[in-house]
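Peer 1: In terms of this note's numbering, the sequence shown opens at residue 3 and continues consecutively. Here it is: the structure, laid out below.
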Amino acid sequence: FYYLEMNTRLQVEHPVSELVTGLDLVELQLRVAAGEELPITQDDVRIDGHAIEVRINCEDVAEGKFLPSPGPITALRPASGFGVRWDGGYESGDEISQYYDNLAGKLCVWGRNREVAIERMIRALEETVIEGVATTIPADLAILRHEDFRSLRHSTKWVEDTLDLTGVGGITGALTEADDSEPKVKRDLDVEVNGKRFAVSVFVPESQLVVSSGGGGAKARPKRRGGAAAGAAAAGSGSIAVPMQGTIIKVEVAEGQTVSPGDTLVVLEAMKMENPVTSDVAGTVKEVKVEAGASVTAGQIVVVIEPDED
3 FYYLEMNTRL QVEHPVSELV TGLDLVELQL RVAAGEELPI TQDDVRIDGH
53 AIEVRINCED VAEGKFLPSP GPITALRPAS GFGVRWDGGY ESGDEISQYY
103 DNLAGKLCVW GRNREVAIER MIRALEETVI EGVATTIPAD LAILRHEDFR
153 SLRHSTKWVE DTLDLTGVGG ITGALTEADD SEPKVKRDLD VEVNGKRFAV
203 SVFVPESQLV VSSGGGGAKA RPKRRGGAAA GAAAAGSGSI AVPMQGTIIK
253 VEVAEGQTVS PGDTLVVLEA MKMENPVTSD VAGTVKEVKV EAGASVTAGQ
303 IVVVIEPDED
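The following block contains the structure:
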């Protein structure tokens, strides 16, 4: 007896196969389901170039936590152009729900080789604008720019062991109207139009240098273990708020209980993920404002802790 698991469907990443083969796999699947014969054989399939797909999820990558970021999308303008493909179902004004998968869309690119595909994906991510919710674009850019990825030295544990997203993330909003008197900063960019690259210069108001999920200042370097998180916890206020909308599924503390920095206070469920909400100080629980089953909004205070005196 043998157990064999089969995925009798197209994989999420099927666009990369379509880009390098020129085949429409969805059409072929539907034709087979309708009883038609495949119009090609395996020997007819030719591979041309290199393709990359990036899943853009609505998650805040700050500190490498990848916390769900539900809420309304105030602006969505995916990149386009030669060799760029966007597969998505959301538009500006749509809502990313806490109850479902937070995939905003799939950004795919084709290039004549891997190096060209990487550069095209970087430009496409920089040009993609998603506002109102945080996205994984800063982390995607950090990975694509890192020498380990470019030289094929990455692994399935590379993000966990190497990628440092300290200070990166946050929800972006719409651009504010620029003041004509505000100093401008010159930025030199490479743009691609119909497969041709051009060098252009633009002048950007200082206040708008970091404006969307497509920017990001993430860098990949060996992670610091523990220190940064402990320092942040020690400097906390004791008013513990949840980072996102969701449902409290567990309350781990009671009033009068002593806690230390990093202790789990409540567990928040959002987008099919359980997220521990931890103490930022050492002290005594003064008030628990929620119970299991309660719905909460981003920024809502759920536990109040009286910090220990120094």
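Note that CB positions come from ideal geometry on N, CA and C, so glycine has one too.
Measure how close the beta-carbons of residue 144 and residue 127 come, nearest whole angstrom, since I'm counting them as under 8 Å.
Peer 2: Residue mapping note: residue 144 aligns to position 142 of the sequence shown, counting from 1. Residue mapping note: residue 127 aligns to position 125 of the sequence shown, counting from 1. Contact flag wrong, Cβ pair sits at about 11 Å.
Peer 1: On a CA-only basis, which of 286, 137, 254 is nearest residue 74? Give me that one, please.
Peer 2: Locating residue 74 in the sequence shown gives position 72, where the first residue counts as 1. Checking every option, the nearest Cα to that of residue 74 belongs to 137.
Peer 1: Using DSSP with H/G/I as helix, E/B as strand and the rest coil, what is residue 232?
Peer 2: Numbered from its first residue, the sequence shown carries residue 232 at position 230. Low confidence applies here, because residue 232 scores a pLDDT of 33, under 50, leaving its location unreliable and the question unanswered by this model.
Peer 1: Are three or more beta carbon pairs between the region 45–54 and the region 109–123 nearer than 8 Å?
Peer 2: Short answer: they touch.
Peer 1: Taking the beta strand (DSSP E) that residue 78 belongs to, which residues open and close that run?
Peer 2: What you label residue 78 is simply residue 76 of the sequence shown in a count that begins at 1. Segment 77–79, the beta strand (DSSP E) holding residue 78.
Peer 1: What is the rounded straight-line gap between the Cα of residue 277 and the Cα of residue 33?
Peer 2: Locating residue 277 in the sequence shown gives position 275, where the first residue counts as 1. Locating residue 33 in the sequence shown gives position 31, where the first residue counts as 1. Approximately 43 Å, taken between the alpha carbons.
Peer 1: Whose C-beta lies closer than 6 Å to the C-beta of residue 124 among residues of the same chain, with five residues either side of it excluded?
Peer 2: By one-based count along the sequence shown, residue 124 stands at place 122. Contacts found: 146.
Peer 1: Any contact of the region 152–164 with the region 76–86, i.e. 3+ C-beta pairs under 8 Å?
Peer 2: No, the region 152–164 does not touch the region 76–86.
Peer 1: With DSSP as the reference, identify every bridge partner of residue 271, one or two as the case may be.
Peer 2: Numbered from its first residue, the sequence shown carries residue 271 at position 269. Partner(s): 249, 276.
Peer 1: Give the DSSP-derived three-state secondary structure of residue 175 in the structure shown.
Peer 2: Within the sequence shown, residue 175 is the residue found at index 173, counting from 1. Here the model assigns residue 175 a pLDDT of 45, short of 50, so the residue's position is not dependable and the matter cannot be decided.
Peer 1: With a cut-off of 8 Å, do at least 3 Cβ pairs link the region 238–257 to the region 291–302?
Peer 2: Contact between the region 238–257 and the region 291–302 is present, because at least three Cβ pairs lie under 8 Å.
Peer 1: Can you give me the C-alpha to C-alpha distance between residue 132 and residue 12, rounded to a whole angstrom?
Peer 2: Counting from one through the sequence shown, the residue named residue 132 turns up at place 130. Counting from one through the sequence shown, the residue named residue 12 turns up at place 10. Taking the straight line from one Cα to the other gives about 27 Å.
Peer 1: Give, in chain order, every unbroken run of the beta strand (DSSP E) that is at least 3 residues long and sits entirely within the region 97–139.
Peer 2: If we require 3 residues or more, the beta strand (DSSP E) runs fully inside the region 97–139 come out as 105–113, 131–133.
Peer 1: Give me, in chain order, the residues of the same chain whose beta-carbon lies closer than 6 Å to that of residue 271; leave out the 5 immediate sequence neighbours on both sides.
Peer 2: For this step, residue 271 is matched to residue 269 along the sequence shown. Within the same chain, residue 271 has close Cβ partners 248, 249, 251.
Peer 1: Looking only at its own chain, which residues have a Cβ that is under 7 Å from the Cβ of residue 93, when we skip the five neighbours before and after it?
Peer 2: Residue numbering aside, residue 93 sits at position 91 when the sequence shown is read from its first letter. Hits under 7 Å: 78.
Peer 1: Between the Cα of residue 282 and those of 289, 265, 258, spot the shortest distance and give me the residue it belongs to.
Peer 2: As a first step, residue 282 is located in the sequence shown; it is residue number 280 there, counting from the start. Ranking the options by Cα distance to residue 282, first place goes to 265.
Peer 1: Do you know whose CA, among 48, 24, 105, 262, lies nearest residue 14's CA?
Peer 2: Along the sequence shown, one-based indexing puts residue 14 at 12. The option with the nearest alpha carbon to residue 14 is 105.
Peer 1: Tell me which residue opens and which closes the beta strand (DSSP E) that residue 52 is part of.
Peer 2: Here residue 52 corresponds to residue number 50 of the sequence shown, with the count starting at 1. Looking at the DSSP string, the run of the beta strand (DSSP E) that includes residue 52 is 52–59.
Peer 1: Is residue 143 helix, strand or coil when you go by DSSP?
Peer 2: Against the sequence shown, residue 143 aligns to sequence position 141. Here residue 143 sits in helix by DSSP.
Peer 1: Which value, in whole angstroms, describes the spacing of the CA atoms of residue 268 and residue 287?
Peer 2: For the purposes of this step, residue 268 is taken as the residue at position 266 of the sequence shown. For the purposes of this step, residue 287 is taken as the residue at position 285 of the sequence shown. Rounded to the nearest angstrom, the two C-alpha atoms are 12 Å apart.
Peer 1: Compare the Cα-Cα distances from residue 306 to each of 255, 114, 156 and report the closest residue.
Peer 2: Position 304 of the sequence shown, counted from the start, is the residue given in the question as residue 306. It is 255.
Peer 1: Can you name the start and end residues of the beta strand (DSSP E) that residue 289 belongs to?
Peer 2: Working through the sequence shown from its first residue, we reach residue 289 at position 287. Its beta strand (DSSP E) spans residues 285–290.
Peer 1: If we count the other Cβ atoms within 10 Å of its Cβ and call it buried at 16 or more, is residue 45 buried or exposed?
Peer 2: Translated into the one-based positions of the sequence shown, residue 45 becomes position 43. Looking at its Cβ environment, which holds fewer than 16 other Cβ atoms inside 10 Å, residue 45 is exposed.
Peer 1: Scan the region 3–68 and note each continuous alpha helix (DSSP H) run of 4 residues or more that stays entirely inside, going in chain order.
Peer 2: Complete alpha helix (DSSP H) runs here, min 4: 16–23, 27–35.
Peer 1: For residue 308, collect the residues of the same chain with a Cβ closer than 7 Å to its Cβ; drop the 5 residues on either side in sequence, then sort them by chain order.
Peer 2: On the sequence shown, residue 308 is found 306 positions in, with the first residue counted as 1. Same-chain partners within the cutoff: 240, 285, 286, 288.
Peer 1: What does the alpha-carbon distance come out to for the pair residue 72 and residue 61?
Peer 2: For the purposes of this step, residue 72 is taken as the residue at position 70 of the sequence shown. For the purposes of this step, residue 61 is taken as the residue at position 59 of the sequence shown. Their backbone Cα atoms lie some 8 Å apart in a straight line.
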